[in-house]
Amino acid sequence: MSLWSRIRNTLSPASYESGIREELDFHLEMDRRNGHDAREARIRLGNPTRIEEQVRDVRIATWLESWLLDLRLGARMLIKYPGLALAGGVGMAVAVALAAGGYGVMTNDFLSPHLPFPNSDRLVSIELWDSAGRVPERRILHDYQSWRDNLKSFEWIAAFRTLHSNLIAPGARPESVRVAAMTASGFQVAGVQPLMGRFLKPEDERAGSPSVIVIGESVWRNRFAGDPGILGRTVQLGATRHEIVGVMPEGFAFPVNDRFWVPLRAAALPADSLTGPDLMVFGRLAPGATIESAQAELTAAIARAALELPRTYARLQPRVTPYPLAFVGMSGPDDTTAALSPQALFISLMVLVCLNVAILVYARTATRNEELGLRTALGAGRRRIVGQLFLEAFVLSFLAALGGIAIAALALRQVASATLSLAADLPFWISFRLSPATILYAVALSVLAAAIIGIVPALQATRRRLQGFRLRGAGGMRLGKTWTILIVAQVTCAVALLPPAVSGAWNDLQDGIAGTGFAAQRFLSAELSMDAGRFADRQTELLRRVEADPQVSGVTFSLTIPGDERDARIEAEAGSGPVETKFNRVDLNFFEVFHVPSLAGRGFESGDDAPEASAVIVNQPLAQALFGGNALGRRIRYTTGGPAPLNGEPGRWYRIVGIVRDFPTGVSPGMRGTNLKLYHAAAPGQLNPAMLAIRMRGGAPGAFASRLVDIGQSVDPGLNLRKIRGLDEALRSEQWISRLTAAVFIAITLSVLILSSAGIYALMSFTVSQRRKEIGIRMALGADWKRIVGGIFSRALMQLAAGAALGLALAIVAQHASGGVLIGENANIVLPLVTLTVVAVGLLAALGPARRSLRIDPREALSEE
Amino acid sequence: MPKPDNLQGALELLTLKVLRRGPNHGYAIAASIQQMSDDVLRVEAGSLYPALHRMTEEGLLKSEWRRSEVGRRARFYQLTAAGRRKLEADEQKWNTVSAAVARVLAAAGNL
Numbered sequence: 001m002s003l004w005s006r007i008r009n010t011l012s013p014a015s016y017e018s019g020i021r022e023e024l025d026f027h028l029e030m031d032r033r034n035g036h037d038a039r040e041a042r043i044r045l046g047n048p049t050r051i052e053e054q055v056r057d058v059r060i061a062t063w064l065e066s067w068l069l070d071l072r073l074g075a076r077m078l079i080k081y082p083g084l085a086l087a088g089g090v091g092m093a094v095a096v097a098l099a100a101g102g103y104g105v106m107t108n109d110f111l112s113p114h115l116p117f118p119n120s121d122r123l124v125s126i127e128l129w130d131s132a133g134r135v136p137e138r139r140i141l142h143d144y145q146s147w148r149d150n151l152k153s154f155e156w157i158a159a160f161r162t163l164h165s166n167l168i169a170p171g172a173r174p175e176s177v178r179v180a181a182m183t184a185s186g187f188q189v190a191g192v193q194p195l196m197g198r199f200l201k202p203e204d205e206r207a208g209s210p211s212v213i214v215i216g217e218s219v220w221r222n223r224f225a226g227d228p229g230i231l232g233r234t235v236q237l238g239a240t241r242h243e244i245v246g247v248m249p250e251g252f253a254f255p256v257n258d259r260f261w262v263p264l265r266a267a268a269l270p271a272d273s274l275t276g277p278d279l280m281v282f283g284r285l286a287p288g289a290t291i292e293s294a295q296a297e298l299t300a301a302i303a304r305a306a307l308e309l310p311r312t313y314a315r316l317q318p319r320v321t322p323y324p325l326a327f328v329g330m331s332g333p334d335d336t337t338a339a340l341s342p343q344a345l346f347i348s349l350m351v352l353v354c355l356n357v358a359i360l361v362y363a364r365t366a367t368r369n370e371e372l373g374l375r376t377a378l379g380a381g382r383r384r385i386v387g388q389l390f391l392e393a394f395v396l397s398f399l400a401a402l403g404g405i406a407i408a409a410l411a412l413r414q415v416a417s418a419t420l421s422l423a424a425d426l427p428f429w430i431s432f433r434l435s436p437a438t439i440l441y442a443v444a445l446s447v448l449a450a451a452i453i454g455i456v457p458a459l460q461a462t463r464r465r466l467q468g469f470r471l472r473g474a475g476g477m478r479l480g481k482t483w484t485i486l487i488v489a490q491v492t493c494a495v496a497l498l499p500p501a502v503s504g505a506w507n508d509l510q511d512g513i514a515g516t517g518f519a520a521q522r523f524l525s526a527e528l529s530m531d532a533g534r535f536a537d538r539q540t541e542l543l544r545r546v547e548a549d550p551q552v553s554g555v556t557f558s559l560t561i562p563g564d565e566r567d568a569r570i571e572a573e574a575g576s577g578p579v580e581t582k583f584n585r586v587d588l589n590f591f592e593v594f595h596v597p598s599l600a601g602r603g604f605e606s607g608d609d610a611p612e613a614s615a616v617i618v619n620q621p622l623a624q625a626l627f628g629g630n631a632l633g634r635r636i637r638y639t640t641g642g643p644a645p646l647n648g649e650p651g652r653w654y655r656i657v658g659i660v661r662d663f664p665t666g667v668s669p670g671m672r673g674t675n676l677k678l679y680h681a682a683a684p685g686q687l688n689p690a691m692l693a694i695r696m697r698g699g700a701p702g703a704f705a706s707r708l709v710d711i712g713q714s715v716d717p718g719l720n721l722r723k724i725r726g727l728d729e730a731l732r733s734e735q736w737i738s739r740l741t742a743a744v745f746i747a748i749t750l751s752v753l754i755l756s757s758a759g760i761y762a763l764m765s766f767t768v769s770q771r772r773k774e775i776g777i778r779m780a781l782g783a784d785w786k787r788i789v790g791g792i793f794s795r796a797l798m799q800l801a802a803g804a805a806l807g808l809a810l811a812i813v814a815q816h817a818s819g820g821v822l823i824g825e826n827a828n829i830v831l832p833l834v835t836l837t838v839v840a841v842g843l844l845a846a847l848g849p850a851r852r853s854l855r856i857d858p859r860e861a862l863s864e865e
Numbered sequence: 001m002p003k004p005d006n007l008q009g010a011l012e013l014l015t016l017k018v019l020r021r022g023p024n025h026g027y028a029i030a031a032s033i034q035q036m037s038d039d040v041l042r043v044e045a046g047s048l049y050p051a052l053h054r055m056t057e058e059g060l061l062k063s064e065w066r067r068s069e070v071g072r073r074a075r076f077y078q079l080t081a082a083g084r085r086k087l088e089a090d091e092q093k094w095n096t097v098s099a100a101v102a103r104v105l106a107a108a109g110n111l
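Order-wise, the sequence lines are chains L and R. Under our numbering, the first sequence has 719 at position 719, and the numbering climbs by one with no breaks. Under our numbering, the second sequence has 57 at position 57, and the numbering climbs by one with no breaks.
Listed below in structure tokens is the structure:
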């Protein structure tokens, strides 16, 4: 019965049963036509309902029996060949863990998470990207207002910015909390009703209206003990008291991960094009509109704006994307493709692993020739045999998939605990958990794996058997050319693929345990921000009071912590460049506080921090790269189309006034990028937020954290200090990623090595057992054992050598083609090391079977007929 | 009258043998067995149809609906390659066993 009709019968038993009934009716009619009257014919037929039941039972029993038998056989095979089960199982588990774990996190958390809002697929983010498409332009208050009034594709459009405010309660230390300053329409976009009271209204956005706030259910329960009379009570954020007008239901954390919502008062903000604070804009598509139609309408709107203000809008492109993408850094033009490309890699790894296992299974299947022959003689069709081998393979691949899911779950738990400190800033839908869809995907992968490792060898084996599986000459049955090619290809892949993995593991392991390269453990770092005006005064006062503290030896601030500088692209006046670089904006005393020696020129002086100042300081690698070292007095500028600091307009020239030593040189979030660095001076108030770095005289910096908060409060309750932690900790906060990738590379390396050696082992074992008789005769005739072993070894050695040579050539070509990036600078060590290891492991694997050939007793071998 | 379904495997063997001559429906298979055995073996519908469906399930037979000789639609069964191999194997086995049984009976009769 064809698979299709089998599925059809299972899915629609009614039509199948009416078929049986028709068959029995026909039987009755034939009986009548042959001279039996109706009553007689019915008696002769028997009870038709019972016959129908019997037919049904027979079908189900036959079906179940064959499946159960195959599953049992599969389980027995695992026990009988533990080496194959272990090598293949571990390899597949690693591949499934990577593919399913990667897929799960990518889809559930990043690309298409489920949002708990009505018709959440209608929610979109609306962004402007610069024409190079590399960075979003977020100063879009003006544009938001114009879109809100003019666009027809959206039922609602909303905007918000994230603030960090001090939540002040009597008798408690102020706590920095995340506050969404959102337009009232944001709640309409979400479409969720409040638990109590109301959400924000457009009137709340007007200047001069009372300060109101909506809080989340968890805040109401934990901070206000679930007070039923909560509406009308107040919350103090910074210097402002807000009246609570509503409580949102449990789990509502829209738009990102928020529990406090205040109205976005746009009127108080500058509203010219590309001014004002960074905003995120999102909306709900109008009925009938699609992302594409909304994108088209917005593109036309920006094109019209570009006619009026070409300097501002010509370089900007609007992007309408599903809501979550903009919040996980996936809304760029190529981000989705980039996010899914590792998936292609993981699946190819999976296929490679499966082909390796298929080699093992084929060698095993060939030794089971007799058993399969017997089953064929007993009436099993080719499809039946292939089905059996598929199910056997499926037992292995399914167990491997379970193992892979377990590995992925463990790894994701590691990721979740490593990101715990970030959890408050991560979008609420990111959970790093395995979803049912991911588990289904893993099971689907195991079916794919079973198809490769079961069906391919089975088709090969049954085809040969149908042609007549005769012993050929003294060598007996040999593995076909296909499989020799596969073994060579497999060694080739191992030698070609392992160097990047080994080199990656080595580099990531080093990064994962490296130090920061300077005395970061003596610094406390914190993010300082303030929503209202007078920030410059307040920051200056804060810095003065912190510096005066006896525990502190110095304090400075910068745009980003050292080591986490932002990307830019610059070119030199003389025409060299453009080069990728990093930039920071720093306090005048930045280099002194961090003890970074000046190599030439001067440090920053007062006046350098004025907005129109052009003095910049570069690090020694940048001076070397652009000017061959002699950089003092030379000029650079940011290139158009590339990322640049907010005040670093493209085209404006900056003069290099000093060169400093490269810093920091150890582990940091930005260590993988370029080490060319460029510094601008910044005055208090210019950076909001600013990163503070406080150098302690002694003792743990963490002990100063609460003192810092107290000083901040005494200066101004509106000064917000958050992410207060040791600079060492801040720099190392992403080190776990390196350790995780190192673990992934090591797992890939080991599973490829194990599988490679297992493939060679299986092939050798197979050859030796097939040639028992021949070896027996030769030994009985007094042949030299060295020649026998040599003969066996030579085949393995030839395949290994061919594979190694091909793989090495591939690796070298790839290394050159990638400009040396693929394997990195260790290529001269890694390449020969990997090649020798693969060959050595292969020879070791061949050793066991070769030794076994020596133990063959000629009398036994010859009497085995 | 003895029924072939009391002898394990006999009904299956006979069915395969009858279908060797070409596709046919259940009634014709039963009639053929009865006729060829000179009315000695009578196949009951309650045994025949479950057996036909089991053999179809096992891949020994395949079935399709066709117009029958009386003009009415009937399910026709046909041997598959696996069914033909099974027939050869079973026939050989049956011959060996029945010859052996005959020898034993003959020997016992001489006691």
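Virtual Cβ for every residue (Gly too), placed ideally from N, Cα, C. Because the structure is a prediction, the values reported are computed rather than measured.
Consult DSSP for MET330/L and reduce its assignment to one of helix, strand or coil.
Here residue 330/L corresponds to residue number 330 of the first sequence, with the count starting at 1. MET330/L: coil per DSSP, three-state reduction.
Euclidean distance between Cα positions of GLY726/L and ALA700/L
The count along the first sequence starts at 1 and reaches residue 726/L at position 726. The count along the first sequence starts at 1 and reaches residue 700/L at position 700. Within the model, the alpha-carbon separation for GLY726/L versus ALA700/L is close to 8 Å.
Near-chain L residues of the region 36 to 54 of chain R - C-beta to any C-beta below 7 Å
If you check each beta-carbon in the region 36 to 54 of chain R against every beta-carbon of chain L, the ones closer than 7 Å belong to GLU44, ALA45, GLY46, TYR49, PRO50, HIS53 and ARG54.
Length of the line joining the Cα atoms of ARG465/L and VAL386/L:
Translated into positions along the first sequence, residue 465/L becomes position 465. Translated into positions along the first sequence, residue 386/L becomes position 386. Interpretation of ARG465/L is limited by its pLDDT of 47, a score under 50 that renders its predicted location unreliable; the figure taken from the coordinates is listed afterwards. Roughly 12 Å separates the two Cα atoms.
With three or more C-beta pairs closer than 8 Å as the rule, is the region 366 to 376 of chain L touching the region 58 to 73 of chain R?
Contact between the region 58 to 73 of chain R and the region 366 to 376 of chain L is absent: fewer than three C-beta pairs spanning the two stretches fall below 8 Å.
Residues of the region 22 to 37 of chain R with a CB closer than 9 Å to any CB of chain L: list them in chain order, please.
Hits within the stretch, in order: HIS25, GLY26, TYR27, ALA28, ALA30 and ALA31.
Counting only Cβ pairs nearer than 8 Å, list the residues of chain R close to ILE51/L.
As a first step, residue 51/L is located in the first sequence; it is residue number 51 there, counting from the start. Within 8 Å Cβ-Cβ: ALA45, GLY46, TYR49 and PRO50.
Identify the contact partners of HIS27/L in chain R, using a Cβ-Cβ distance below 7 Å as the criterion.
Along the first sequence, one-based indexing puts residue 27/L at 27. Contact annotation for HIS27/L against chain R: GLY26, TYR27 and ALA45 [CB-CB distance below 7 Å, chain order].
For GLY101/L, report the span of its alpha helix (DSSP H) as first-last.
Translated into positions along the first sequence, residue 101/L becomes position 101. Segment 82 to 104, the alpha helix (DSSP H) holding GLY101/L.
Span of the beta strand (DSSP E) around LEU241/L:
Taking the first sequence and counting its residues from 1, the one referred to as residue 241/L is at position 241. According to the sequence displayed, residue 241/L carries Arg and not Leu. It spans 240 to 248 - the beta strand (DSSP E) in which ARG241/L sits, taken as one unbroken run.
ARG470/L versus LEU84/L: straight-line alpha-carbon distance, rounded
Sequence index remark: in the first sequence, residue 470/L carries index 470 (1-based). Sequence index remark: in the first sequence, residue 84/L carries index 84 (1-based). Unreliable positioning characterises ARG470/L in this predicted model, as indicated by a pLDDT of 37, which lies under 50. The coordinate reading is nonetheless provided below. C-alpha separation (whole angstroms): 26 Å.
Nearest to ALA801/L (by Cα), restricted to the options PRO858/L, ALA494/L and GLY232/L
Walking along the first sequence from the start, residue 801/L turns up at place 801. Closest by alpha carbon: ALA494/L.
So is GLY46/L in contact with chain R if we call contact Cβ pairs under 7 Å?
As a working note, residue 46/L is residue 46 in the first sequence. It does; some Cβ of chain R falls within 7 Å.
How would you call VAL94/L, buried or exposed, if buried means at least 16 neighbouring beta carbons within 10 angstroms?
If you number the first sequence from 1, residue 94/L lands on position 94. With 16 or more Cβ atoms within 10 Å of its Cβ, VAL94/L is classed as buried.
Nearest-angstrom Cα distance between LEU871/L and ILE570/L?
Residue 871/L lies beyond the range of chain L shown here (1 to 865); nothing can be said about it.
Residues that ARG59/L contacts on chain R, provided the C-beta gap is smaller than 8 Å:
Counting from 1 along the first sequence, the entry for residue 59/L is found at position 59. Going along chain R in sequence order, the residues near ARG59/L (Cβ under 8 Å) are HIS53, ARG54 and GLU57.
Does the beta carbon of GLN54/L sit closer than 7 Å to a beta carbon anywhere in chain R?
In the first sequence, residue 54/L corresponds to position 54, counting from 1. Closer than 7 Å: yes.
Taking Cβ to Cβ, would you say LEU274/L is nearer than 7 Å to THR183/L?
Along the first sequence, read from residue 1 onward, the residue named residue 274/L stands at position 274. Along the first sequence, read from residue 1 onward, the residue named residue 183/L stands at position 183. Their beta carbons are not under 7 Å apart, which means LEU274/L does not touch THR183/L by this criterion.
Where ASN826/L and ALA409/L are concerned, what is the direct C-alpha to C-alpha distance, given to the nearest angstrom?
Position 826 of the first sequence holds residue 826/L. Position 409 of the first sequence holds residue 409/L. For ASN826/L and ALA409/L, the distance between alpha carbons rounds to 33 Å.
For a contact defined as C-beta to C-beta under 7 Å, what are the partners of ALA106/R on chain L?
Here the question's residue 106/R lines up with position 106 in the second sequence. The premise fails here: ALA106/R is roughly 30 Å from chain L at the closest Cβ pair, so nothing lies under 7 Å.
Name the DSSP bridge partner or partners of ILE126/L?
For the purposes of this step, residue 126/L is taken as residue 126 along the first sequence, with counting starting at 1. ILE126/L is bridged to VAL281/L and VAL320/L.
Is there a C-beta anywhere in chain R that falls below 7 Å from the one on VAL23/L?
As a first step, residue 23/L must be located in the first sequence, where it is residue number 23. One detail in the question is off: residue 23/L reads as Glu in this sequence, not Val. So yes, GLU23/L belongs to the interface.
Interface residues of chain L around GLN10/R at Cβ under 9 Å?
As a working note, residue 10/R is residue 10 in the second sequence. Note that residue 10/R is Ala in the sequence shown here, rather than Gln. Going along chain L, no residue has its Cβ under 9 Å from ALA10/R, so there is no contact; the nearest lies around 15 Å.
Tell me whether LEU836/L is buried or exposed, calling it buried when 16 or more other Cβ atoms sit within 10 Å of its Cβ.
The residue given as residue 836/L occupies position 836 in the first sequence. By the 10 Å Cβ count, LEU836/L comes out exposed.
Assuming the contact rule is C-beta atoms closer than 8 Å, PHE663/L and PHE518/L should be a hit. Round their C-beta distance to whole Å, please.
Counting from 1 along the first sequence, the entry for residue 663/L is found at position 663. Counting from 1 along the first sequence, the entry for residue 518/L is found at position 518. That belief holds up - the Cβ atoms of PHE663/L and PHE518/L are roughly 7 Å apart, short of 8 Å.
Option nearest LYS17/R by Cα separation, candidates THR96/R, ASN95/R, LEU79/R and VAL101/R:
As a first step, residue 17/R must be located in the second sequence, where it is residue number 17. Out of THR96/R, ASN95/R, LEU79/R and VAL101/R, LEU79/R has the C-alpha closest to the C-alpha of LYS17/R.
Within a Cβ cutoff of 6 Å, which residues of the same chain sit near GLY238/L, ignoring the five residues on either side of it in sequence?
Position 238 of the first sequence, counted from the start, is the residue given in the question as residue 238/L. Cβ neighbours of GLY238/L beyond the five flanking positions: SER165, ASN166, PRO717 and GLY718.
Residues near SER218/L in its chain [Cβ-Cβ closer than 8 Å; skip 5 each side]
For the purposes of this step, residue 218/L is identified with residue 218 of the first sequence, where counting begins at 1. Only GLU250 and ARG259 meet the Cβ criterion.
Cβ shell of ARG44/L (< 8 Å), same chain only, five flanking positions each side left out:
For the purposes of this step, residue 44/L is taken as residue 44 along the first sequence, with counting starting at 1. ASP31 and HIS36, listed in sequence order.
For MET798/L, report the span of its alpha helix (DSSP H) as first-last.
By one-based count along the first sequence, residue 798/L stands at place 798. Per DSSP, the unbroken alpha helix (DSSP H) holding MET798/L starts and ends at 785 to 817.
Opening and closing residue of the beta strand (DSSP E) in which ASP567/L lies
Numbered from 1 along the first sequence, position 567 holds the residue referred to as residue 567/L. Note, ASP567/L: beta strand (DSSP E), 566 to 572.
Please classify ARG472/L as buried or exposed, where buried requires at least 16 neighbouring CB atoms within 10 angstroms.
Here residue 472/L refers to the residue found at position 472 when the first sequence is read from its first residue. Note that ARG472/L has pLDDT 34, beneath the 50 cutoff, so the model's placement of it is unreliable and no number is given.
Assigned exposure category for ASN6/R - 16 Cβ within 10 Å defines buried:
Within the second sequence, the letter at position 6 stands for residue 6/R. Summary for ASN6/R: the model assigns pLDDT 49, below 50, so the residue's position carries little reliability; its value from the coordinates is reported in the next sentence. So ASN6/R ends up on the exposed side.
For MET530/L, name the three-state secondary structure that DSSP assigns.
Residue 530/L sits at position 530 when you count from the first residue of the first sequence. If DSSP states are grouped into helix, strand and coil, MET530/L belongs with the strands.
For ASN630/L, tell me which candidate among PRO342/L, GLU53/L, VAL618/L and THR639/L has the shortest Cα-Cα distance.
In the first sequence, residue 630/L corresponds to position 630, counting from 1. The shortest Cα separation from ASN630/L among PRO342/L, GLU53/L, VAL618/L and THR639/L belongs to VAL618/L.
In the DSSP assignment, find the unbroken alpha helix (DSSP H) run with ARG173/L in it and report its ends.
Start at 1 with the first residue of the first sequence, and residue 173/L comes out as number 173. ARG173/L: not part of any alpha helix (DSSP H); DSSP gives it neither H nor E.
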